[in-house]
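> One structure coming up, written as structure tokens, with questions to follow.
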Amino acid sequence: MEELIEILEGIDPDHDYENSKDLIDAHKLSSLSIISLVAELEEEFDVTIPATQIVPENFNSADAMLAMIRRLEEADA
Numbered sequence: 011m012e013e014l015i016e017i018l019e020g021i022d023p024d025h026d027y028e029n030s031k032d033l034i035d036a037h038k039l040s041s042l043s044i045i046s047l048v049a050e051l052e053e054e055f056d057v058t059i060p061a062t063q064i065v066p067e068n069f070n071s072a073d074a075m076l077a078m079i080r081r082l083e084e085a086d087a
């Protein structure tokens with residue numbers, strides 16, 4: 011989780027990513043931020059995030075992003 015929070019803070023340090031549950035719904039992350047985030051997550055966690063996974067439910071919170079990453083890692087195993 012620590013790596014994920016560091017990535018998020020690198021994109022936009024002005025949010026409480028550990029506690030926020032509405033990053034997309036409240037427009038705290040822009041579409042450009044999400045594109046950067048996807049690229050960084052793919053590189054950091056060595057996963058491929060398909061377009062079908064780029065939905066608000068997977069990006070509204072750090073917990074949701076981590077769960078998505080874990081699912082993708084398991085699918086690749």
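The working numbering applies: residue 11 is where the sequence shown begins, and numbers increase by one.
No residue lacks a Cβ here, since even glycine has one placed at the ideal position from N, Cα and C.
Over the uninterrupted alpha helix (DSSP H) stretch that includes Asp73, give me the two end residues.
For the purposes of this step, residue 73 is identified with residue 63 of the sequence shown, where counting begins at 1. Note, Asp73: alpha helix (DSSP H), 72-86.
> Would DSSP call Ala49 helix, strand or coil?
Against the sequence shown, residue 49 aligns to sequence position 39. Ala49 falls in the helix class under three-state DSSP.
> Could you pull out every residue in the same chain whose Cβ sits closer than 7 Å to the Cβ of Glu50, ignoring the five residues on either side in sequence?
Position 40 of the sequence shown, counting from 1, holds the residue named residue 50. Ile17.
> Can you give the beta carbon distance from Val79 to Ser46, rounded, assuming they're within the 8 Å contact cut?
As a working mapping, residue 79 is identified with position 69 in the sequence shown. As a working mapping, residue 46 is identified with position 36 in the sequence shown. Position check: residue 79 holds Ile in this sequence, whereas Val was assumed. Not a contact, Cβ separation roughly 16 Å.
> With 16 as the cutoff for other CB atoms within 10 Å, does Met11 come out buried or exposed?
Taking the sequence shown and counting its residues from 1, one reaches residue 11 at position 1. Exposed: under 16 other Cβ atoms inside 10 Å.
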